[in-house]
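Numbering (this note's numbering), first residue to last: 27 to 393. Even for Gly, the Cβ is constructed at its ideal location relative to N, Cα and C. Quick notes on the structure that follows.
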């Protein structure tokens, strides 16, 4: 089921004045896929989700779920939440403490006054899907955090909604349980082929659970794409930084070499692989992810992007070393495998492949 949002705006009047939560959002979600709204607190992602759900009324614009227009300011259409064919999973789980697992999950069908035998069969089937068979008669609040989240998911899925909306559903779980539940949730939704819109401020969560990620800032969608595309080749500096740490270097395009872009930067000449090649003289920002670097023994081992540096700091982070390497007057953040042995004060030689050196455009400028 596809969701189309067109030119959606929403503001709130607070004591401090008017706050524009959404500013002309246009978005189409992929059918039977997971789209994640990623961004910092206050960027408008939850407001957008609540507008899709019908829990907030936008000031202007249009929302369409499937072939049905559920909101239109121009046509004065507003379909109430219970008529939109969607379910929502909240951060707090919203588990009813006085009910058993069975009653919590069955509630949407009970409201629809479905036959008891149908309710029983569908509850059992849905609990099996979320791996909670045999939990029917337990008190829902006696379960672990991960199990409660699965109860909330089962309740959202049992009515066979067109779309499921998730509002930071894993943020209350500890790190290990969050990772496990994230994998399970991804598997559940993929197996069912349900369209989902997922809100989070956690970049790892967004990258691992999503088919498409829309990065938001100040009430607008800054960039949208597949997780791998955004991580390796985002075109917006905010997106690059928010979706994963990077070394940013202000540079100027000086020419081309074998189809690659050649730039002059504070750490020397960098050769970048770019499909949209900027013209010579253009000011740009080059970004290189910390894990893109490797240590080599000799400059002759690599053709391009070889830099001499000094190790200033090394911190063990479990799966890798976080290190600061001074190259000229710049300090680069470099992520090294534990098998690599370096010491503070040691001189090393770094290399970064052109494909891992990407460009964000700056203002046009000539030398």
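Residues near residue i by beta carbon distance below 6 Å, same chain, minus five either side
i, result
"residue 253", "233, 236 and 239"
"residue 393", "Reliability of the predicted coordinates at residue 393 is poor, the pLDDT of 42 falling under 50, and the value obtained from them is presented with this limitation in mind. For residue 393, where only same-chain residues beyond five positions count, the Cβ hits under 6 Å are 307."
"residue 361", "316, 317 and 346"
Cutoff 8 Å; reference residue i; Cβ partners in own chain excluding five residues on either side
i, result
"residue 322", "328, 332, 375, 376 and 377"
"residue 54", "28, 29, 30 and 31"
"residue 304", "279, 287, 310, 385 and 387"
"residue 170", "203"
Residue i versus the options, residue with shortest Cα-Cα distance
i, options, result
"residue 276", "387, 43 and 105", "387"
"residue 111", "256, 54, 27 and 120", "27"
"residue 349", "326, 72, 324 and 316", "316"
"residue 57", "80, 66, 78 and 92", "92"
"residue 272", "313, 296 and 303", "313"
"residue 39", "85, 285 and 218", "85"
"residue 50", "231, 34, 296 and 261", "34"
"residue 337", "343, 353 and 326", "353"
Neighbour flag for residue i against chain D, beta carbons, 7 Å
i, result
"residue 170", "Annotation note: the requested chain D is absent from the structure, which comprises a single protein chain."
Rounded separation between residue i and residue j - CA only
i, j, result
"residue 355", "residue 293", "8 Å"
"residue 391", "residue 309", "For residue 391, the pLDDT reaches just 49, beneath the cut-off of 50, and the residue's location in the model is therefore unreliable, leaving the point undetermined."
"residue 189", "residue 370", "53 Å"
"residue 156", "residue 176", "6 Å"
"residue 162", "residue 215", "22 Å"
"residue 135", "residue 256", "40 Å"
"residue 241", "residue 366", "34 Å"
"residue 267", "residue 126", "44 Å"
"residue 147", "residue 222", "25 Å"
"residue 182", "residue 130", "10 Å"
"residue 29", "residue 90", "6 Å"
"residue 226", "residue 140", "34 Å"
"residue 197", "residue 117", "7 Å"
"residue 411", "residue 68", "This structure gives no information on residue 411, because the portion of the chain shown stretches from 27 to 393."
"residue 384", "residue 101", "45 Å"
"residue 158", "residue 44", "46 Å"
"residue 373", "residue 380", "23 Å"
"residue 358", "residue 298", "17 Å"
"residue 187", "residue 363", "45 Å"
"residue 229", "residue 194", "12 Å"
"residue 205", "residue 246", "29 Å"
"residue 285", "residue 261", "20 Å"
"residue 324", "residue 368", "16 Å"
Cβ neighbours of residue i in the same chain (closer than 7 Å, five flanking residues each side left out)
i, result
"residue 32", "52, 87 and 88"
"residue 264", "243 and 248"
"residue 76", "82"
"residue 280", "288, 289, 290 and 306"
"residue 167", "121 and 123"
"residue 174", "119, 121 and 166"
Per DSSP, cross-strand counterpart(s) of residue i
i, result
"residue 31", "53 and 89"
"residue 273", "314"
"residue 78", "Partner(s): none; residue 78 has no beta bridge."
"residue 387", "310"
"residue 229", "Its beta-bridge partners do not exist; DSSP assigns none."
"residue 217", "For residue 217, which the question treats as bridged, DSSP gives no partner whatsoever."
"residue 298", "287"
"residue 360", "349"
"residue 114", "191"
"residue 44", "39"
"residue 165", "126"
Beta-carbon separation (whole angstroms), residue i vs residue j, contact threshold 8 Å
i, j, result
"residue 180", "residue 199", "Not really, about 17 Å apart at Cβ, beyond 8 Å."
"residue 120", "residue 178", "7 Å"
"residue 80", "residue 105", "7 Å"
"residue 61", "residue 74", "Going by Cβ atoms, the distance from residue 61 to residue 74 rounds to 11 Å, so no, they are not a contact pair."
"residue 172", "residue 191", "Residue 172 to residue 191, Cβ: 20 Å. No contact."
"residue 185", "residue 113", "6 Å"
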